[in-house]
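A short write-up of the structure that comes next.
2 protein chains.
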Amino acid sequence: MAIKDNRDRLEDAAQDSVQLSGFNSLSFRKLADEVGIKSSSVHYHFPEKSDLAHALIVRYSAAVSETLNDIANQRWGLRRKLQAYIAIFEQTAKSERVCLCGMMAAEIEALNDDSRKQLDLFFKMMEQWLVDLLVANGDALNTDVTPAALSSAILSGLEGALLLDRVSGNQSHLNAQKDLILSLV
Amino acid sequence: MAIKDNRDRLEDAAQDSVQLSGFNSLSFRKLADEVGIKSSSVHYHFPEKSDLAHALIVRYSAAVSETLNDIANQRWGLRRKLQAYIAIFEQTAKSERVCLCGMMAAEIEALNDDSRKQLDLFFKMMEQWLVDLLVANGDALNTDVTPAALSSAILSGLEGALLLDRVSGNQSHLNAQKDLILSLV
DNA sequence: GTCTATATACAGATAGAC
DNA sequence: GTCTATCTGTATATAGAC
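Residue numbers (the numbering used here), protein chains in the order written: chain W, 971 to 1155; chain A, 971 to 1155.
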């Protein structure tokens, strides 16, 4: 990995902050402090807060998309690929964070149209990946629910589980989602 | 319904605001404006913002709990009672809001320990109601997943669906959850 | 219970020097 | 690309009159 410039470090700190406490409670001052510069310098990289929101969603989408691509390219069966998909969420839960886009979804009223569109694209990408996987393995499915509906339910289930598990302080919801999802394949 | 005093009207406005845009972006000034009083008068009813958060969660929990009680007392079968449970979320989705406690869960870092405990109780109550329903109708279940795990997955699924449906602008996730849940009974 | 007035802190954002 | 300095707005919260 190349040496990170301040823009990268700002995005790292911002993503962390959003996944922990949300976009509304993120401030340019706190961000600047963490990176060791002044808040006016943050505005050099992201003129308005909306520019930062947009950059974070695009960056997060690209990172997750790459992970999904890696999984898709493995010579694994349906079940193992589903487990790898769920493991993305388990990784997030382990550090007591939620999905960046799940958090942004809760705060959608604070986002402009550009960011909302990117957010929509993220979830559609997450769902389409599942649809492709399920359709390619349709004969292994143990349910009458269509691949489209099943994908939609799986994704929203995992996003919701991350949220509720921070309240309960364990991973019971994520584990339950995993049980349910794997019972269907 | 009795005439609402300003405290009630403040709670109404606050709940609405939280379900639309979150607790962090709620301010005593905006709240006061909506009710037609001054922000200092809001502090009379809720000395600190944390007092308001706590009151909102308790009030919301009581309201939903009452609805669940009504459903439980009906002479309905498992399927119809599940549909009524889901309908609570559909009502929320129709007005493009999310569950108050789902939103608070996303913003849990802004809550004090008292409120976090109340939030935990809300979700545990929602799950226990489902567990009781599923256990009482165990022979009708079309899955190997335990009632506890199934309840946990159903609740987090519905909460997540409300969140994601505001991004997509339709009720596709909630409908998908409904399809999946009803396919299991 | 509500008001005016105010204290204090912090937010996003910009101008201009280096 | 970062800084100092500052503008303007808004946040939570409190004191004290009515």
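Heads up, the beta-carbon is just placed ideally off N, CA and C, and yes, glycines get one too.
These numbers were taken from a predicted model, which means no experiment stands behind them.
Whole angstroms are fine: how far does the CA of residue j sit from the CA of residue i?
i: residue 1119 (chain A); j: residue 1067 (chain A); result: 26 Å
i: residue 1095 (chain W); j: residue 1121 (chain W); result: 11 Å
i: residue 1009 (chain A); j: residue 1029 (chain A); result: 22 Å
i: residue 1152 (chain A); j: residue 1017 (chain W); result: 48 Å
i: residue 1047 (chain W); j: residue 1097 (chain W); result: 18 Å
i: residue 979 (chain W); j: residue 1141 (chain W); result: 29 Å
i: residue 1138 (chain A); j: residue 1090 (chain W); result: 6 Å
i: residue 984 (chain W); j: residue 1001 (chain W); result: 7 Å
i: residue 1005 (chain W); j: residue 1036 (chain W); result: 27 Å
i: residue 1155 (chain A); j: residue 973 (chain W); result: 54 Å
i: residue 1150 (chain W); j: residue 1059 (chain W); result: 15 Å
i: residue 1022 (chain W); j: residue 1080 (chain W); result: 12 Å
i: residue 1102 (chain A); j: residue 1052 (chain A); result: 12 Å
i: residue 977 (chain W); j: residue 1073 (chain W); result: 22 Å
i: residue 1082 (chain A); j: residue 1015 (chain A); result: 18 Å
i: residue 1075 (chain W); j: residue 1133 (chain W); result: 12 Å
i: residue 1127 (chain W); j: residue 1129 (chain A); result: 8 Å
i: residue 1061 (chain A); j: residue 1115 (chain A); result: 28 Å
i: residue 1038 (chain A); j: residue 1057 (chain A); result: 11 Å
i: residue 975 (chain W); j: residue 1003 (chain W); result: 15 Å
Count the other C-beta atoms from every protein chain shown that fall within 10 angstroms of the C-beta of residue i, then say buried if there are 16 or more, exposed otherwise.
i: residue 1105 (chain A); result: exposed
i: residue 1112 (chain A); result: exposed
i: residue 981 (chain W); result: buried
i: residue 971 (chain W); result: exposed
i: residue 1159 (chain A); result: With chain A covering only 971 through 1155, there is no way to say anything about residue 1159 (chain A).
i: residue 1055 (chain A); result: buried
i: residue 1088 (chain A); result: buried
i: residue 1135 (chain W); result: buried
i: residue 1033 (chain W); result: exposed
i: residue 1123 (chain W); result: buried
i: residue 1063 (chain W); result: buried
Report all residues from its chain with a CB closer than 6 Å to the CB of residue i; omit the five preceding and five following residues, and keep chain order.
i: residue 1131 (chain A); result: 1143, 1144, 1147
i: residue 998 (chain W); result: 1009, 1012
i: residue 1049 (chain W); result: 1155
i: residue 1031 (chain A); result: 1092
i: residue 1117 (chain W); result: 1101, 1104, 1105
Got a sec? Which residues, its chain only, sit under 7 Å from residue i by beta carbon, not counting five neighbours each side?
i: residue 1084 (chain W); result: 1024
i: residue 996 (chain A); result: 984, 987, 988
i: residue 1026 (chain A); result: 981, 984, 985, 988, 1070
i: residue 1007 (chain W); result: 976
For residue i, which residues of its own chain have a beta-carbon under 8 Å away from its beta-carbon, when the five flanking residues on both sides are left out?
i: residue 1107 (chain A); result: 1047, 1048, 1155
i: residue 1020 (chain A); result: 1081, 1082, 1084, 1085
i: residue 1078 (chain A); result: 1086, 1089
i: residue 1109 (chain W); result: none
i: residue 1125 (chain W); result: 1093, 1096, 1097, 1100
Would you say the beta carbon of residue i comes nearer than 7 Å to a heavy atom of the ligand PLP?
i: residue 988 (chain W); result: Among the ligands in the structure shown, none appear at all, so the ligand PLP cannot be discussed.
Taking one C-beta from the region 1139-1155 of chain A and one from the region 1034-1046 of chain A each time, how about it: are there three or more such pairs within less than 8 Å? no
Is there contact here, the region 1052-1070 of chain W with the region 989-1004 of chain W, by at least three beta-carbon pairs under 8 Å? yes
Within the region 1043-1088 of chain A, ranges of the alpha helix (DSSP H) (whole runs, at least 4 residues): 1048-1064, 1070-1076
Which runs of the beta strand (DSSP E) at least 3 residues long sit entirely within the region 1110-1141 of chain A? Give them in chain order. Qualifying beta strand (DSSP E) stretches: none in this window.
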